[in-house]
Structures are given as C-alpha cells and as structure tokens.
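Protein chains in written order, with the numbering used here: chain A, 1 to 332; chain U, 333 to 664. Heads up, the beta-carbon is just placed ideally off N, CA and C, and yes, glycines get one too. Heads up, the thing below is written out as structure tokens.
So this is what it looks like as structure tokens:
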C-alpha cells in the first residue's frame, strides 16, 4: 500500500483523474476554477440531494473503488429518481486516507465514468483533501424536473394504491451477504444479494416518466426501509396505509431466506438500502403507471392502499397485522 | 463530554436544529424529504462550489462550534464572491465524532443561522451521520449571477490592472496566531489575526457589483495564497503579471511582523486562507471599480498589472524580482 507520499499532488490528481469526468460540463471549467457555472434549463425546477459516506460505515474500505464510486452516485441518483428528476451533474468531495494510492484513485474515477455514462451526468466540481481518519466521500447531485411536477411525499390520498418497484429486502440481506454474515447461503444467492447491496439500481427512468406524465400522487425512494419510508409518506400525507405483506416483491434469494425462517420478513420490510421507489397512484392511473414501468423496463407491483385512518398496517396472509420491533433504519 | 448516546436521534436532531435553518427555503420541504427543489431565477446562471472540512486539518476541533460553522460557509461564500454571484442557499453534510453533544450542535446551528442572516442564504438540504474518525463537514453552496456575467480566471489581458481587496497575509499569520505559534505578538494583534483566520470576510457585495456591472475582466478569491492564485489567473489568461510588493495591502499586524523580519513578506504573499478578491480591471474601468468598492464598503488597492510576457513577477521597492520558495498552498 502506498502512503500519500506516493500520491500525486492535489492539482495533478484533479487534472489526471477528475478533470476528464468534467469534460462534458462546460460550466465545470475543466475543474480549474473554484466554482462551476450552470445555465438552468427553462421551465424546469432543480432538485438537489447530498450524502456523506464514511469508510466501513457506509461502505467497506476494502470494496472495489469503482463500486464505491458507483454506489455513492447511485444512492443519490435514487433520491433524484424519487423526485422524478432527470439527473444532470454532481459535485463531489473526497477526503483521502493514508492508504489511498494512485491505482485506487484511477479505479474510483473509472467507476464514476461508468455511471456518468449510464446515467448521462457529468462532474461539475469538487474538493480533494486528505484525512487522518477514515476515507470520507460526499456527493451532491443536481437534477431537473418540469416545474411543479416533482414527486413529493405528501400527496398520497386515501384510496391511492401503493406501488413498489423491483424487490424489497435485498439491501438488508445484501449487506449481510457482503459482510460474510450469511455463511449458509448458496453462492449464487450470496453473490446476487451482495451485488444488489453494492450496486443498487436507481429507478431514474421510471421516476421521470411518472413525474412528467403526472401519474403518481406521491413518491419517494426506499432507502431507510419500506416500513419507515412508507411511514414517512403517510405522515407527510396525513393518512395511513395497509400493506399486504404477501404482495411485497421479494427476490428469489430473499424469498428462500424468508421461507426458511418466516420471521425474516420483518428484516426485509424494515431493512434499508433498497433504493426502489414507493409510489401513491390513484386507481384511474394504475394502468398508465404500469405502462410507464413496462416502457422503462422496471418491475413494479401493487402492495396495498392508502387509507383514511392514520395508521400504517402490514397484514399477513390471514389479514392479521404484523408488528415490527424496529421501524426502520436511522443513521445513529 | 457526552458521547453519541447523549445525542438525540438523527431525525430529532434535524427537526430541532437544522429544519429551522431551512424555514426560508420552501423547496427544502422542512428537511423532511430526501431532496430539495429550487426554481431557478430567470436569466440567471447558477454557480456551485463545495468544500470538505476535517477537524484539526481545516479547523481546530476545539474551535467554538458557531465559528466552525461560519467559516465553513464563508470559505464557500468567498468562492461565490470570486464569481460575482449572489449566494442563494447551501446543502451540508455533517459526520459527527463521538465527542459531539447536543450543546455543540446547538451552537453550530447558531453560527449557521447568524451567517445565513448576514448573507441572506438558507439551508436547502443535507445529510447527518456519525463517524469513528474526526468530525467532518462539507458544504455545497449555490449562487446566481446574470447569465454570461460570472467572473472567471481566464479573462485577464495585458494592460489590465491587478486589484486586491482587504489585506493579504492575515490568513497565514492568523492561523499561526490561532495555534499559539506567535507568542511574541501583542495580544490585540494576536486577537486580530486569529479572528481574520477564523472568520474571514467574503467579498460578496463587491463581487456581485463587479460582475453585474461588467467591471472586471477576470476575478477570483484568494484562498491558496496571492502568489498561487495570481499564477492560476495568469495561466488561465495566457499572460503574466508584475506585482509591486510594496503595494500589496497588509494589515497593521502583518506590516509590523514584516517590519521586524522582512523575509516574512513571502509568507504573507504565498500563505493561504485570505479570502480576498484578486481582479483584473482594465484602466478605463478602474474608477468605476473603485467606486463599486466604496459603495460596498470594501477596501481595495491596485498592486500591479498584467503583462504580455507569461511570467508572474513580484518586484521589491528597488524593482528587483523576489523569489518565493513556496508557490502557494496545496491540500497535500
């Protein structure tokens, strides 16, 4: 492991690895300036989100650097997806620990480049420093949505259906698999789950379609756990919700785990890091929403309804409410 | 010192201390959402800047929390001033170490509130986590400037005069004073310099006037040291500059230090953290620029000229070029 003595200077590092990532953003001025300029598109509202990631808290320091980079972008891209915004660009800060060498940076930049291409975004600016503590990264992503069309948490109304994309619980069990905590798991399932944790799939295309076409009354991404995030949506919307647990979409890997130990369904539903979308869709727009999901290649299912009574209930196959010890993920 | 056991949960912390800071930004949605929305003002270009700060590297962990908060904002506000932008809002991430208690957060939020009022900005969003390492903060500031009017580094032309605001070198000697490294300094001078380091004065009002009225060909803030930043401006503008060192504005405290040891002028000119503006102003706009400085209550002086020959020269009273060992501040 090379110490920071082997790392090129700040300006060289930026010129070599980060400036190419800003090539498509003229306002980034080749990262040679203290600030970036951006001409906002007319008629659009901008959407901003930011996340701080610390090694061995939000990712493993030993994770491949390109995947760390991509997850950093993707968890922010998921926030933009939750608002229905088209991602535009990002600013990033990196506080590099002593063990970071040039190869690490090169691979990290490679991951950024890969997801920049996949999501059509560019690096607008940033700050590169060192730290005596754990490697720390932040990204601030900027997106745009037609003015007034951003999905919000507070628009759900009683009678709206609850739709969820992808599969739920992969984030929770994926972290466990990634940490080697599920030793009994068959290798393909372990690899699938770990991959889902390490490289979530932000539902950007569908989020945009739903916002632009006005198909969802409320929407957000599932990052703190389905139970907690749905509770947030209910609270903001001043209503409640009833979820049929059997309808919650599970991957085969998680379904197998739950089949072996039914109590694990609680972990799937309260665990974080899924980065799927949860949506409130009125019955008369369900067909259009499902159509948008099809067009964007996104799996989506209905799992319940919003209700007048301000309580969030998860019902089992026998219509009995389930109680969860833990409402969801918090950062402390 | 209370450990994180004494800290309220993430959501309580946000609701109690950070949400009030977002009250004036409707798009921040009370910080209850994953992302903030913002309707950009018509005809304006947005300006973005971000900085990562780590305890005992960029500030002292023992510094008063309100001053840490204000410096974090101010060094970013200075970047906006360097572009001539009006500050609008910011996103912030906080990775809190184990020693942070609620009183610290309360005081930190108080500092944010104070500078939000002084610079007319609001908190748009953020992320609050904990860290096993040193306290780490980032801020991303967003400002606006009339489209096409942003000050840049690359507009200086031979013949333009070099103007500098405030005084140079206070940041360098202020850090030394703040660290107790200048024991012979009289107490008022020590306090003045430390204060200049801890609470720089971003030249936002003047920057805006210069950009809006088109009075500067190029401009930037002096954060890496006058020598380095002027070198950046020369490189971007493909020209050189000649600076009369005797004309570089010094505070009384720094002037006294330099009088006692003339070699210290090098530290004043190459040291970082001044957060003043350096500007390229054509001769026929000098009067208007000085007038703008007067109106905005900003001290400003002419220290030299940009020249054809692509070399940056600092000349002493006898017109002899000075050589500096260290070109300026880098983060490694």
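query, result
"Distance between residue 471(U) and residue 54(A) (C-alpha atoms, nearest Å)", "16 Å"
"Classification of residue 309(A) by the beta-carbon crowding that lies within 10 angstroms, buried from 16 upward", "exposed"
"At least 3 beta-carbon pairs within less than 8 Å: the segment 397–414 of chain U vs the segment 531–547 of chain U", "yes"
"Contact set for residue 475(U): own chain, Cβ-Cβ below 6 Å, skip 5 residues either direction", "379, 412, 417, 418, 419, 420"
"Partner residues on chain U for residue 107(A), Cβ-Cβ distance less than 8 Å", "Here the premise fails: no neighbours, minimum Cβ distance about 20 Å."
"Limits of the beta strand (DSSP E) - the one that residue 575(U) falls within", "572–576"
"Through-space distance from residue 652(U) to residue 630(U), alpha-carbon basis", "30 Å"
"Chain A contact for residue 466(U) (CB, 8 Å cutoff)", "yes"
"Beta-carbon gap between residue 354(A) and residue 371(U) smaller than 8 Å", "With chain A running from 1 to 332 in the structure shown, residue 354(A) is simply not present."
"CB contact below 8 Å: residue 656(U) versus chain A", "no"
"CB contact check: residue 46(A) to chain U, cutoff 8 Å", "yes"
"Within-8 Å CB hit, residue 565(U) to chain A", "no"
"Beta-carbon neighbours of residue 479(U), restricted to chain A and to distances below 8 Å", "39"
"Whether residue 124(A) touches residue 15(A) by CB criterion (8 Å)", "no"
"Contact between the segment 279–289 of chain A and the segment 160–168 of chain A (3+ Cβ pairs under 8 Å)", "yes"
"Classification of residue 485(U) by the beta-carbon crowding that lies within 10 angstroms, buried from 16 upward", "buried"
"Reduced DSSP category for residue 40(A) - H, G, I as helix; E, B as strand; rest coil", "coil"
"Start-to-end residues for the alpha helix (DSSP H) that takes in residue 161(A)", "Per DSSP, residue 161(A) belongs to no alpha helix (DSSP H); it is in the beta strand (DSSP E), 161–165."
"Length-filtered (3 minimum) beta strand (DSSP E) runs lying within the segment 151–217 of chain A", "161–165"
"Status (buried if at least 16 other CB within 10 Å, exposed otherwise) for residue 588(U)", "exposed"
"Under 7 Å from the C-beta of residue 91(A): neighbouring residues of chain U", "380, 382, 472"
"Reference residue 553(U), options 578(U), 620(U), 482(U), 527(U), closest by Cα", "482(U)"
"Under 7 Å (Cβ pairs) to chain A, residues found in the segment 488–512 of chain U", "none"
"Short-range partners of chain U found in the segment 251–277 of chain A, where Cβ spacing is below 9 Å", "none"
"Residue ranges of each alpha helix (DSSP H) within the segment 65–96 of chain A, 4 or longer", "65–83"
"Cutoff 8 Å: residue 395(U) Cβ touching any chain A Cβ", "no"
"Chain U contact for residue 57(A) (CB, 8 Å cutoff)", "yes"
"Chain A within 8 Å of residue 418(U), Cβ atoms only", "no"
"Helix, strand or coil at residue 382(U) [DSSP, three-state]", "strand"
"Same chain, Cβ closer than 6 Å to residue 617(U), neighbours up to 5 away in sequence not counted", "547"
"For residue 450(U), three-class secondary structure by DSSP", "helix"
"Nearest to residue 269(A) (by Cα), restricted to the options 287(A), 261(A), 275(A), 248(A)", "248(A)"
"Start-to-end residues for the beta strand (DSSP E) that takes in residue 280(A)", "276–281"
"Reduced DSSP secondary structure (H/G/I, E/B, other) of residue 100(A)", "coil"
"C-alpha gap between residue 578(U) and residue 635(U), whole angstroms", "8 Å"
"Own chain residues within Cβ distance below 8 Å of residue 50(A), not counting five before or after", "76, 138, 139, 140, 141"
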